[in-house]
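Below: one structure, written as structure tokens.
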Amino acid sequence: MLHTSVDLYTLTLLSVNPRQAASGQSTPNLGYDKLLELQKMFWNRFEYPNNIKEAEAINSTIFSDDVQGRVSDTRNFEGRELNTEYIFGLFTPTDATGIIGRPGDWEILQFVANQNIASASTRVQFTFPAFNNVSYPVVIDTWLTWNEQDQITQYDVTFRWFGYLLQTLVASVDKTNATHAAGLVVHQVATSICNSHARFCNGTNVQYSSSDECYDFLTTKIRVGQGFELGMDTLMCRSVHEIMLKYRPDVHCSHIGKSGGGMCVDDVDYVTKASEQYFVNAPWIPNSVVVKNC
283 MLHTSVDLYT
293 LTLLSVNPRQ
303 AASGQSTPNL
313 GYDKLLELQK
323 MFWNRFEYPN
333 NIKEAEAINS
343 TIFSDDVQGR
353 VSDTRNFEGR
363 ELNTEYIFGL
373 FTPTDATGII
383 GRPGDWEILQ
393 FVANQNIASA
403 STRVQFTFPA
413 FNNVSYPVVI
423 DTWLTWNEQD
433 QITQYDVTFR
443 WFGYLLQTLV
453 ASVDKTNATH
463 AAGLVVHQVA
473 TSICNSHARF
483 CNGTNVQYSS
493 SDECYDFLTT
503 KIRVGQGFEL
513 GMDTLMCRSV
523 HEIMLKYRPD
533 VHCSHIGKSG
543 GGMCVDDVDY
553 VTKASEQYFV
563 NAPWIPNSVV
573 VKNC
């Protein structure tokens, strides 16, 4: 049975974690209205073409320096620069042929907030250039914590029904022949990655000796990947990271290579992922609430 109670000692433990105690930080009490405005501010910046400005900033001020981020079907992202690339840069126009879309109009469907914590479900209308500019709504569930500088200190994000979306995108290529559609997508995505490799990954960043080797590896040596495998040893994971090559090839070229560069690797099983204790920047439970399992 779950219940709430107020206990001074427990509140003290919840209000200050080790990292905050060391830095002298405390959890701010921003209030519902302020958190709703911050939520809207984020989605305004995320929407195209506003996200271009954020990506070009390299270090978006919407994130704290030590921001921690987790996206359900990909990986964990730490630090302002990396999060600027993956949250804003990933969704800007690109020459790459992949599954990532361009975000447009949005509406918040559900929202709840307390202290410095905000949770929302938001429907964003995405356009997918690689799929003949087809447009689909995408529901994104977010948990965010904010500091007093109006910066996100951590986020936990789920793209709801992403596997269904991926299946729908692939099917749109050829609605009469699912096998042909899937094969065509694999060919186009692999070709795009190999072209980007040849363009951006030079010198010590080279991952493949030739475009033929690149294409053969991507189409025969690894699996295509399901919707939940965008952070695993798959073609679709490398497609996501291809878009990042133009920003920092020295960081991202290995992610599209054979090794996966620590981003596209099969190093986390289901139990490990479901049991992960990742966030340390702030509590996810308001100070005034104690949740006990009794």
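Note that the working numbering numbers the sequence shown so that position 228 is 510, with each residue one more than the last.
Each residue gets a CB set at the ideal place from its N, CA and C atoms; glycine is no exception.
- Note that the C-beta distance between G351 and F359 is below 8 Å.
- Residues I381, F410, F413 of the same chain have their beta carbon placed closer than 7 Å to that of L451, with the five preceding and five following residues left out of the count.
- Shortest Cα-Cα distance from T343 to any of F324, R405, D494, K528 involves F324.
- Q321: member of the alpha helix (DSSP H) spanning 314–328, first to last residue.
- Contact check between the stretch 546–553 and the stretch 505–517: three or more CB pairs, one atom from each, fall below 8 Å, which counts as touching.
- By the neighbour-count criterion, in which a residue is buried when 16 or more other Cβ atoms sit within 10 angstroms of its Cβ, E524 is buried.
- Between the C-alpha atoms of A378 and S308 there is a straight-line separation of about 43 Å.
- Judged by DSSP in its simplified three-state form, L426 adopts strand.
- DSSP places Q433 in the coil class of the three-state scheme, outside both helix and strand.
- In the displayed model, I381 falls within coil according to three-state DSSP, outside both helix and strand.
- Under the Cβ criterion (8 Å, minimum of three pairs), the stretch 425–434 counts as touching the stretch 386–402.
- Taking 8 Å as the cut-off, the Cβ atoms of P531 and C483 count as close.
- Selection Q321, N563, K503, G386 evaluated against N333 yields G386 as nearest (Cα-Cα).
- At a Cβ-Cβ threshold of 8 Å, G465 and Q508 do not count as neighbours.
- Judged by DSSP in its simplified three-state form, G351 adopts strand.
- With a cut-off of 8 Å on Cβ pairs, the stretch 548–567 is not in contact with the stretch 490–505, counting fewer than three such pairs.
- Q407 has its alpha-carbon roughly 7 Å from the corresponding atom of S417.
- Its chain contains G361, R362 as the residues whose beta carbon lies nearer than 8 Å to that of D347, once the 5 sequence neighbours on both sides are disregarded; these appear in chain order.
- DSSP places F444 in the helix class (H, G or I) of the three-state scheme.
- A distance below 8 Å separates the beta carbons of T366 and A339.
- In the three-state scheme derived from DSSP, where H, G and I count as helix and E and B as strand, Q392 is classed as strand.
- A residue is called buried once 16 or more other Cβ atoms fall within 10 Å of its Cβ, and T516 is buried on that count.
- Looking at the DSSP output, P411 sits in no beta bridge, so it has no partner there.
- DSSP lists F408 as the bridge partner or partners of Y418.
- In this structure, Q436 sits near A564, with a CB-CB distance shorter than 8 Å.
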